[in-house]
Amino acid sequence: MNRPRCARSAPKCPDLRAGIAILTGVFAATVFPATAAADATDDYPIPHRMIVTTCTAEQILTAARDFAPIYYERYIVDKHNKSPAVQQAAIDNVHYFYSLSLADRRAYSAEMVTNFADPMTASWPNWAKIFFNNKGVAAKETDHCADYPPDDQSVWD
Amino acid sequence: MRLGNLSVAAAMTAAAVALAPSAHADADTDFADELHGYGIYGQRDYNAWLAKITCRRLGNELDSSAEKSAEFLSHNLPRGTSTAQTWQFLAAAIGTYCDDLMPMLAAVAESNH
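Written out as structure tokens, the structure reads:
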């Protein structure tokens, strides 16, 4: 005996309701992911490894020089194309970030997602690119940074 | 007659000058071609840039020897690149972009004899 089909006009039709619920869920998931992406995650916008590292900015840059040299060169060339004031502000901002505690770095990362009015970012959008923008580069940097001296300022040149 | 010979010579010189650039159109292309001969592939621009950085590091003594350069390259060439290919890359880089540093490469060869 065949199972009776549920008529569209039937007041109670579990199959149809379930189908509608699934479709609504799929639709919502399609429409709303952009909202979810605006939240900080463990790796976005600042990779987790950069939040937990104990290296200084100079150690990270030196590791980049040796293990991600083209990325490093691009960053330094980009930096040299900025005014001295902007370059110094970037260095100060990076020093500030790595002086923070783990919890404060997380808070900084969360703040970064939504704070588009940050004056540093406005004057140089890629000011922290070599530190934050690429998980693969961040991994190379944090794998090797501890092998370098902590305050070799020449790596900014 | 003499004028005719002069014209021929001038034409040949002009042709040589005009055609020379096509023989060595681009050092990066020559470098890539040489790498291909060693079985080293990858992005042409990446390899050329890496070679130029290698030369600069060797020139300013950030890498104090050709061995240090090879070590630097071993970190930045694709996984699976052999030791021999790393040295071939280094030799090609020096030969193409910083010929004046060739003695540093020769010093390694001499120390191994």
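If you read the protein sequences in the order shown, they are chains A and B. For reference, each letter of the first sequence is one residue, going 1 to 157 in the numbering used here. For reference, each letter of the second sequence is one residue, going 1001 to 1113 in the numbering used here. From the three backbone atoms N, C-alpha and C, an ideal C-beta is built for every residue, glycine too.
I need the boundaries of the alpha helix (DSSP H) containing residue i, first residue and last residue.
{"i": "E1110/B", "result": "1102-1111"}
{"i": "G1080/B", "result": "From DSSP, G1080/B is part of no alpha helix (DSSP H); its letter is neither H nor E."}
{"i": "N93/A", "result": "84-99"}
{"i": "T1029/B", "result": "1027-1037"}
{"i": "L102/A", "result": "102-114"}
{"i": "D157/A", "result": "D157/A -> no alpha helix (DSSP H), and no H or E assigned at all."}
{"i": "D147/A", "result": "Careful: D147/A lies outside any alpha helix (DSSP H) and carries neither H nor E."}
According to DSSP, simplified to helix, strand and coil, what is residue i?
{"i": "Q1043/B", "result": "coil"}
{"i": "P119/A", "result": "helix"}
{"i": "D152/A", "result": "coil"}
{"i": "D43/A", "result": "coil"}
{"i": "W124/A", "result": "coil"}
{"i": "L1062/B", "result": "coil"}
{"i": "T142/A", "result": "helix"}
{"i": "A68/A", "result": "coil"}
{"i": "D1098/B", "result": "In the sequence under discussion, the amino acid at residue 1098/B is Cys, which differs from the Asp named in the question. Of the three classes helix, strand and coil, the one that applies to C1098/B here is coil, per DSSP."}
{"i": "C1055/B", "result": "helix"}
{"i": "T62/A", "result": "helix"}
{"i": "R8/A", "result": "Residue placement at R8/A is poorly supported in this model, since its pLDDT is 46, which falls under 50; the coordinates are not used for a value here."}
{"i": "T1086/B", "result": "helix"}
{"i": "V137/A", "result": "helix"}
{"i": "E73/A", "result": "helix"}
{"i": "A1093/B", "result": "helix"}
Can you round the beta-carbon distance between residue i and residue j to whole angstroms, since I take them to be within the 8 Å contact cut?
{"i": "A128/A", "j": "V94/A", "result": "6 Å"}
{"i": "H144/A", "j": "A63/A", "result": "4 Å"}
{"i": "V155/A", "j": "L61/A", "result": "4 Å"}
{"i": "A1027/B", "j": "Y1097/B", "result": "7 Å"}
{"i": "Y70/A", "j": "W1049/B", "result": "Per the sequence shown, the amino acid found at residue 70/A is Ile instead of Tyr. Contact flag correct, Cβ pair sits at about 5 Å."}
{"i": "C1055/B", "j": "L1101/B", "result": "7 Å"}
{"i": "V52/A", "j": "L102/A", "result": "6 Å"}
{"i": "P47/A", "j": "V113/A", "result": "Between V113/A and P47/A the Cβ distance is about 14 Å, and since that is not below 8 Å, they are no contact."}
{"i": "G120/A", "j": "A89/A", "result": "Rather than Gly, the amino acid found at residue 120/A in this sequence is Met. At roughly 6 Å, the Cβ-Cβ gap stays under 8 Å, so M120/A and A89/A are in contact."}
{"i": "R106/A", "j": "F97/A", "result": "Not confirmed; about 11 Å, so no contact."}
{"i": "N1047/B", "j": "L1035/B", "result": "6 Å"}
Does any residue of chain D bring its CB to less than 8 Å from the CB of residue i?
{"i": "E73/A", "result": "Here the protein chains are A and B, and chain D is not one of them."}
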